[in-house]
Amino acid sequence: MSEQAESNNNSPAGSLLIIGGHEDKTGKCLILQHFIDMAGGRDSRIVIIATATDEPRAVGNEYKELFFSLGAVSVTSMAIANRETANQREQAESIKSATGIFFTGGDQLRLTSILGGSAVDAALRAAFRQGAVIAGTSAGAAVMSETMIVGGNSNDTPKKSSLSMAHGMGFLSEGVVDQHFAQRGRINRLLAAVAQNPHVLGIGIDEDTALVVGPDRLCRVIGSQTVTIIDGKNIIYSNISESNRDQPVAISNVLLHILPAGYGFDLTTRLPIQLDSSN
Numbered sequence: 085m086s087e088q089a090e091s092n093n094n095s096p097a098g099s100l101l102i103i104g105g106h107e108d109k110t111g112k113c114l115i116l117q118h119f120i121d122m123a124g125g126r127d128s129r130i131v132i133i134a135t136a137t138d139e140p141r142a143v144g145n146e147y148k149e150l151f152f153s154l155g156a157v158s159v160t161s162m163a164i165a166n167r168e169t170a171n172q173r174e175q176a177e178s179i180k181s182a183t184g185i186f187f188t189g190g191d192q193l194r195l196t197s198i199l200g201g202s203a204v205d206a207a208l209r210a211a212f213r214q215g216a217v218i219a220g221t222s223a224g225a226a227v228m229s230e231t232m233i234v235g236g237n238s239n240d241t242p243k244k245s246s247l248s249m250a251h252g253m254g255f256l257s258e259g260v261v262d263q264h265f266a267q268r269g270r271i272n273r274l275l276a277a278v279a280q281n282p283h284v285l286g287i288g289i290d291e292d293t294a295l296v297v298g299p300d301r302l303c304r305v306i307g308s309q310t311v312t313i314i315d316g317k318n319i320i321y322s323n324i325s326e327s328n329r330d331q332p333v334a335i336s337n338v339l340l341h342i343l344p345a346g347y348g349f350d351l352t353t354r355l356p357i358q359l360d361s362s363n
């Protein structure tokens, strides 16, 4: 991979594939096939990181078989279950040479607490800077942003108590990701996140749907459902700072975009883009 794709300000040359969870694994596997193609097809070097799940070997092997069936020739699954393993040089070197890195679902706090600040973490950032594709599904999607949602009541009205947040892996700047979005009714907790951080875009990704983010910060939607983007930059009024944890939040002048396949989004201008209708 050439470093020519890097911008003059040394921003990463890599791309992101942020998946809302429950992606198709038995049919056309459109999203997973797209990951392999983005990473180089038969020339790709894929690393699966199954740290988020409590069954890392089983989940890692499932994706390993899938990626082989989709045309990848080199696929490695890593069951990094503790900080000691995350600091092993062998693990880090494998990640540095990868063209595609895939985070499985599970618990996003396991990912950040085990990998954060480790040799593997440094290798992930080095690979991303050099042009690797980083993909994640479910919990693997939630960790993409600098600030991530780690829990909250999806059925409640927007409140401070509607969610809990923590530091993510930070591959996506100025955004916060929620997954299984429409299927689990998570719009209220994403609204609460945006009310607390109006400069951050709220990105809700449905199941079997993904947002592809290029190094130029241009995005496109692929998959069968939609991506919801909440822009709070022009909020006129919010009571979030004065309200108590259990008081409903008041928010005025929030901008909402709902984008299916065939549409994209410019993260810099914060404007939607109409693309072709194909995935």
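Numbering-wise (the numbering used here), the sequence shown opens with residue 85 and increments by one.
Glycine residues also receive a C-beta, built at the ideal position from the N, C-alpha and C atoms.
Legend entry - Opposing strand residues paired with Tyr-347 [DSSP bridges]: Gln-358
Inset, instruction - Output yes or no for whether 7 Å exceeds the beta carbon distance between Val-234 and Ser-248. - result: yes
Legend entry - Rounded separation between Asp-330 and Gly-269 - CA only: 19 Å
Legend entry - Whether Thr-188 touches Arg-129 by CB criterion (7 Å): No, Cβ-Cβ distance for Thr-188 and Arg-129 is not below 7 Å.
Inset, instruction - Could you check the C-alpha separation between Ala-123 and Met-253 for me, to the nearest Å? - result: Using only the alpha carbons, I get a separation of about 20 Å.
Legend entry - Spatial distance of Ser-153 from Gly-286 (CA atoms): 34 Å
Inset, instruction - Measure the alpha-carbon distance for Ser-238 versus Ala-294 and round it to whole angstroms. - result: 21 Å
Inset, instruction - Run through the segment 94-166 for me and flag every whole alpha helix (DSSP H) of 4 or more residues, listed as ranges in chain order. - result: 114-122, 140-153
Legend entry - Distance, Ala-176 Cα to Ala-207 Cα: 5 Å
Inset, instruction - Quick one: residues in its chain with C-beta nearer than 7 Å to the C-beta of Val-204, no 5 flanking neighbours on either side, listed in chain order? - result: Ile-164, Ala-170, Gln-175, Ala-176, Ile-179
Inset, instruction - Alpha carbon to alpha carbon, how far is Arg-167 from Leu-359? Give it in angstroms, no decimals. - result: C-alpha separation (whole angstroms): 43 Å.
Inset, instruction - Spell out the partners DSSP gives Val-261 in its beta bridges. - result: Ile-287
Inset, instruction - Give a yes or no on whether the C-beta atoms belonging to Arg-126 and Val-157 are separated by under 7 Å. - result: yes
Inset, instruction - Classify Arg-270 as helix, strand or coil using the three-state DSSP reduction. - result: Arg-270 carries a coil assignment under DSSP once its states are collapsed to helix, strand and coil.
Legend entry - Nearest residue (CA-CA) to Asp-121, options Thr-160, Ile-313, Ile-185, Ala-136: Ile-185
Inset, instruction - Check each candidate in Met-232, Gly-259, Ser-202 and name the one with the smallest Cα separation from Ala-250. - result: Nearest to Ala-250 by alpha-carbon distance, out of Met-232, Gly-259, Ser-202, is Met-232.
Legend entry - Residue range of the beta strand (DSSP E) that includes Arg-304: 302-307
Legend entry - From Gly-105, Thr-135, Gly-200, residue whose alpha carbon lies closest to that of Glu-230: Gly-200
Inset, instruction - Using beta-carbon positions only, say whether Pro-332 and Thr-241 come within less than 7 Å of one another. - result: yes
Inset, instruction - Would you mind listing the beta strand (DSSP E) stretches within the segment 196-254 that are 3+ residues and don't spill past its ends, in chain order? - result: Within the segment 196-254, the complete beta strand (DSSP E) runs of at least 3 residues are 217-221, 231-235, 248-251.
Legend entry - Unbroken alpha helix (DSSP H) run spanning Ile-179, endpoints: 173-180
Legend entry - Coarse secondary structure for Glu-87, derived from DSSP in three states: Because the pLDDT of Glu-87 is 39, which lies under 50, any placement of that residue in the model is unreliable, and the number read from its coordinates should be weighed accordingly. DSSP, read as helix, strand or coil, puts Glu-87 in helix.
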